[in-house]
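Residue numbers (this note's numbering): 1 to 108.
Laid out in structure tokens, this is it:
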């Protein structure tokens, strides 16, 4: 069984790398490169995930989705957020129809 705490452990590692030398840490390099560098990487990983899906390669879908999630964790860290922030939002939405939830955004 896979444990959700892996997201928290990854987030802690990413947080610890914020102050690392960009020449010694891939995460630090992305974080020091700023939001545009992070967003470019997320776009790249998204495209690779889409292509793996289109090709019907389920192993690659898993691999590329892992890359995408990892880079999304870096983006969260860039904004001072954690996986728990996203998990709380998912919990808030749980049991709510997607149509109802989307319509509620228009009222905010």
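Where is the CB? At the ideal position from N, CA and C, for every residue including glycine.
Indicate the three-state DSSP secondary structure (helix, strand or coil) for residue i in the structure shown.
| i | result |
| --- | --- |
| residue 3 | coil |
| residue 32 | helix |
| residue 97 | coil |
| residue 37 | helix |
| residue 84 | helix |
| residue 18 | coil |
| residue 53 | helix |
Going straight from the alpha carbon of residue i to that of residue j, what length do you get?
| i | j | result |
| --- | --- | --- |
| residue 27 | residue 90 | 26 angstroms |
| residue 94 | residue 35 | 30 angstroms |
| residue 99 | residue 40 | 30 angstroms |
| residue 74 | residue 38 | 7 angstroms |
| residue 21 | residue 60 | 31 angstroms |
| residue 88 | residue 23 | 34 angstroms |
| residue 42 | residue 92 | 25 angstroms |
| residue 55 | residue 11 | 31 angstroms |
| residue 71 | residue 14 | 10 angstroms |
| residue 85 | residue 32 | 23 angstroms |
| residue 25 | residue 19 | 10 angstroms |
Applying the criterion that 16 or more other CB atoms from any shown protein chain within 10 Å of the CB defines a buried residue, is residue i buried or exposed?
| i | result |
| --- | --- |
| residue 103 | exposed |
| residue 30 | buried |
| residue 58 | exposed |
| residue 1 | Caution is warranted here: a pLDDT of 48 is assigned to residue 1, below 50, making its placement in the model unreliable, and the coordinate value is therefore given only provisionally. Classification for residue 1: exposed. |
| residue 49 | buried |
Anyone know if the C-beta pair for residue i and residue j falls short of 8 angstroms?
| i | j | result |
| --- | --- | --- |
| residue 64 | residue 52 | yes |
| residue 68 | residue 97 | no |
| residue 17 | residue 83 | no |
For the alpha helix (DSSP H) that contains residue i, what are its first and last residues?
| i | result |
| --- | --- |
| residue 66 | 58-78 |
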